[in-house]
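**Student:**
Protein chains: 2
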Amino acid sequence: MFTGLCAFPLTPMDEFGTDDRAYSGLIERLINAKVDSICVLGSTGNYAYLPREERARLVKLAVEVAGTLPVMTSVGALRTREILLAADDAQQAGAQALLLAPVSYQKLTEEEVFTLYETVSRAVSVPICVYENPGVTHFDFSDALYARLAELPAIQSIKLAGGYPDRERCIDRIAALRASLPERISLGISGDAFAVPALLAGCDSWYSVVGGLFPQLAMTLATQALNGQRERALTSNQALDPLWRLFGKYGSLRVVASAAVALNLVQEDCLPLPLALPDRQARNEIEQVITQLALA
Amino acid sequence: MFTGLCAFPLTPMDEFGTDDRAYSGLIERLINAKVDSICVLGSTGNYAYLPREERARLVKLAVEVAGTLPVMTSVGALRTREILLAADDAQQAGAQALLLAPVSYQKLTEEEVFTLYETVSRAVSVPICVYENPGVTHFDFSDALYARLAELPAIQSIKLAGGYPDRERCIDRIAALRASLPERISLGISGDAFAVPALLAGCDSWYSVVGGLFPQLAMTLATQALNGQRERALTSNQALDPLWRLFGKYGSLRVVASAAVALNLVQEDCLPLPLALPDRQARNEIEQVITQLALA
Chain A
5 MFTGLCAFPL
15 TPMDEFGTDD
25 RAYSGLIERL
35 INAKVDSICV
45 LGSTGNYAYL
55 PREERARLVK
65 LAVEVAGTLP
75 VMTSVGALRT
85 REILLAADDA
95 QQAGAQALLL
105 APVSYQKLTE
115 EEVFTLYETV
125 SRAVSVPICV
135 YENPGVTHFD
145 FSDALYARLA
155 ELPAIQSIKL
165 AGGYPDRERC
175 IDRIAALRAS
185 LPERISLGIS
195 GDAFAVPALL
205 AGCDSWYSVV
215 GGLFPQLAMT
225 LATQALNGQR
235 ERALTSNQAL
245 DPLWRLFGKY
255 GSLRVVASAA
265 VALNLVQEDC
275 LPLPLALPDR
285 QARNEIEQVI
295 TQLALA
Chain B
5 MFTGLCAFPL
15 TPMDEFGTDD
25 RAYSGLIERL
35 INAKVDSICV
45 LGSTGNYAYL
55 PREERARLVK
65 LAVEVAGTLP
75 VMTSVGALRT
85 REILLAADDA
95 QQAGAQALLL
105 APVSYQKLTE
115 EEVFTLYETV
125 SRAVSVPICV
135 YENPGVTHFD
145 FSDALYARLA
155 ELPAIQSIKL
165 AGGYPDRERC
175 IDRIAALRAS
185 LPERISLGIS
195 GDAFAVPALL
205 AGCDSWYSVV
215 GGLFPQLAMT
225 LATQALNGQR
235 ERALTSNQAL
245 DPLWRLFGKY
255 GSLRVVASAA
265 VALNLVQEDC
275 LPLPLALPDR
285 QARNEIEQVI
295 TQLALA
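Those sequence lines, one after another, are chains A and B.
Under our numbering, the first residue of the first sequence is numbered 5, with each subsequent residue one higher.
Under our numbering, the first residue of the second sequence is numbered 5, with each subsequent residue one higher.
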């Protein structure tokens, strides 16, 4: 579950519900590309915007469609009690791993976050991946907190924020965490632009947004980097610079959603308001880049 | 509604529900202190952690208890559709104003935020207070966005984040916004430590956390500052420095919750997990300060 390419598909939705057919279609593309695992209802899958019942239903649907492909799902929520219910739902639906970010409204303390993971760890029977994403959770994990979390048997992977705290220190941090954390803890990288350098620096897994829509592309990069084909992987990655720049400019969610619309994989209304696709000019820019990179 | 002291009470809750008796008791203290208005289910009232039904019930209860005292309530949520439902509920419950923060998981764009306020403005018949709180919403309002929002008739107040972007520029910003925005837009300040300087600089209202628990204290400060008793207000404010330092150290919510427990106004379990009261040492520190300031 926690090695190789884990692809994060969109959950197309409008104000009235989710588009289950388009959602299943996106998952089928991932099966066909032979990704190593998928994570439905990640940040890219807009888990935070969906009520409990819809989340439970969508995980069940993903497990049915995915067949033997391992499925992870996010169980993050503002309250511990909601997280515990989402974890129950996800396990009953057949999810093989749970992704948990310290979602917050009021900024959380280190002790609150540790207690949260400890509580959830004790309540579940499938492994947990700790989800670091300061851009949305506004919580910074210290190395000391990771060391404490790594002692909880349910915790088996950490999804690190790519390029955090900056490009250079991100790579140093991977080396330092790899040296200090037990071998059994898989280190994964998100923030697609940083995936290749991170995999070359020792990460075991790529938790990938782009892989959720363009799985072949992500598989190529992941395979090259994980096989230690350093120069080749770096060259492949550099070719994607125009895409990574769009991610930085509009946010990866808006870019992959715009691309999915352009490819007729999802309907125009695919994000939950107030989130919206960028304006026409930006979408033209996105369409040009996916054409230029032969992704269309 | 949008002038003077608006007090923000806690909503005591544990994992099983809210403590309605303690909640009503906190509101009664505010009536007795003759505050100008109250805002139930503000950030201090943990609105973000409560499901729709509980929010609707608590606003109704507040309006009943408050009698002739004007009641505002927060209608913030991650999705526009939830905000519209919360606004309907709040109006039906008798709320006289709606507080709306651009709550986010994915970082919002300026255009998304404008569209959100425009949509809600069109749907409501009571005034809206725009809620700036980058610490929890991670959105920065530009002066240009405020100018656009001020053209929406429903928007009648802006709740500015005190000390933002820093102590000095916060004061300059109040002067600049006061000069550029129409007179009909009330400017209010939150971030209690910055209230006195902000009121002296021209803010019309103090949206106050401390006022939700110690309304007499806040009324004294607000009255001095709004009556232009500059030196007196600044001296009163300086005396509260130990309290403002605790707010900075532990977060105002954890400090007022700890104080409310110490005063036997709420039960020990009063915050929604993963949020928790600080450790025993911090709580002793908080209790010492409220005793020292004769607030106990």
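Heads up, the beta-carbon is just placed ideally off N, CA and C, and yes, glycines get one too.
1. If distances are taken between C-alpha atoms only, which option among B:M5, B:A261, B:T295, B:Y254 comes closest to A:T113?
2. Is A:E122 near A:K163, with beta carbons less than 8 Å apart?
3. With respect to the alpha helix (DSSP H) encompassing A:C43, which residues constitute its N-terminal and C-terminal limits?
4. Would you call the segment 35-46 of chain B and the segment 215-223 of chain B in contact, with 3 or more CB pairs under 8 Å?
5. Find the nearest neighbour of B:L217 within the set B:E235, B:A205, B:D196, B:T227, judged by alpha-carbon distance.
6. When we look at the beta-carbon of B:N268 and count the other beta-carbons within 10 Å, is it buried (16 or more) or exposed?
7. Looking at the structure shown, is B:V189 part of a helix, part of a strand, or coil, going by DSSP?
8. So, are the CB atoms of A:I178 and A:G206 less than 8 Å apart?
9. Give a yes or no on whether 8 Å exceeds the smallest Cβ distance from A:A180 to chain B.
10. Between the beta-carbon of A:T77 and the beta-carbon of A:L104, is there less than 8 Å?
11. Against chain B, does A:T77 count as a neighbour if the rule is that its beta carbon must be under 8 Å from one of theirs?
12. Which ranges would you report for the beta strand (DSSP E) in the segment 19-70 of chain B if only whole runs of at least 3 residues count?
13. Starting from B:G139 and walking both ways along the alpha helix (DSSP H), at which residues does that stretch end?
14. Between which two residues does the alpha helix (DSSP H) containing A:N296 stretch?
15. Is any beta-carbon of chain A found at less than 8 Å from that of B:T22?
16. Where do the N-terminal and C-terminal ends of the alpha helix (DSSP H) with A:Y121 fall, by residue?
17. In this structure, does DSSP put B:L221 in helix, strand or coil?
18. For A:S161, which of helix, strand or coil comes out of DSSP?
19. Mind listing the chain A neighbours of B:G216? Cutoff is C-beta to C-beta under 7 Å, in chain order.
20. Residue range of the alpha helix (DSSP H) that B:V130 falls in?
21. Residue range of the beta strand (DSSP E) that A:G167 falls in?
22. Please confirm if A:A165 has its CB atom under 8 Å from at least one CB of chain B.
23. Of the residues A:L102, A:I175, A:P106, which one's Cα is nearest the Cα of A:H142?
24. Verify whether the separation of the beta carbon atoms of A:V117 and B:P282 is less than 8 Å.
25. Taking B:Q96 as the query, report the chain A residues whose CB atoms sit under 7 Å from its CB, ordered along the chain.
26. So, is the C-beta of A:R83 closer than 8 Å to a C-beta in chain B?
27. Thinking just about the alpha-carbon of each residue, which of B:S125, B:A97, B:G232, B:E86 is nearest to the one in B:S108?
28. Identify the continuous beta strand (DSSP E) that holds A:G8 and give its terminal residues.
29. Alpha carbon to alpha carbon, how far is A:S310 from B:I193?
30. Nearest-angstrom Cα distance between B:P131 and B:Q95?
31. Quick check: is the beta carbon of B:Y53 nearer than 8 Å to any beta carbon in chain A?
32. Please report whether the beta-carbon of A:V265 lies at a distance below 8 Å from any beta-carbon of chain B.
33. Roughly how many angstroms separate the alpha carbons of B:F20 and B:I31, rounded to a whole number?
34. What is the DSSP secondary structure of B:T15, counted as helix, strand or coil?
35. Taking 7 Å as the limit between beta carbons, can you name the residues of its chain near B:R287, skipping five residues before and five after?
36. Whole alpha helix (DSSP H) runs in the segment 231-285 of chain A with 4 or more residues, listed along the chain?
**Tutor:** Taking the coordinates as given:
1. B:Y254
2. no
3. Taken as a continuous stretch (DSSP letters only), A:C43 belongs to no alpha helix (DSSP H), being part of the beta strand (DSSP E) at 41-44.
4. yes
5. B:D196
6. exposed
7. Rather than Val, the amino acid found at residue 189 of chain B in this sequence is Ile. Note: B:I189 maps to coil in three-state DSSP.
8. yes
9. no
10. no
11. no
12. 41-44
13. 138-141
14. Residue identity differs from the one stated: residue 296 of chain A is Gln in this sequence, not Asn. 284-296 is the extent of the alpha helix (DSSP H) around A:Q296.
15. no
16. 114-127
17. helix
18. strand
19. Within 7 Å Cβ-Cβ: nothing; B:G216 doesn't reach chain A, min ~15 Å.
20. Note, B:V130: premise wrong, no alpha helix (DSSP H); not H, not E.
21. Segment: none, A:G167 is in no beta strand (DSSP E) and carries neither H nor E.
22. no
23. A:P106
24. no
25. The contacting residues do not exist; B:Q96 stays about 21 Å from chain A at best.
26. yes
27. B:E86
28. 8-11
29. Nothing about residue 310 of chain A can be read from this structure; chain A reaches only from 5 to 300.
30. 10 Å
31. yes
32. no
33. 22 Å
34. coil
35. S262, L281
36. 234-243, 245-254, 256-266
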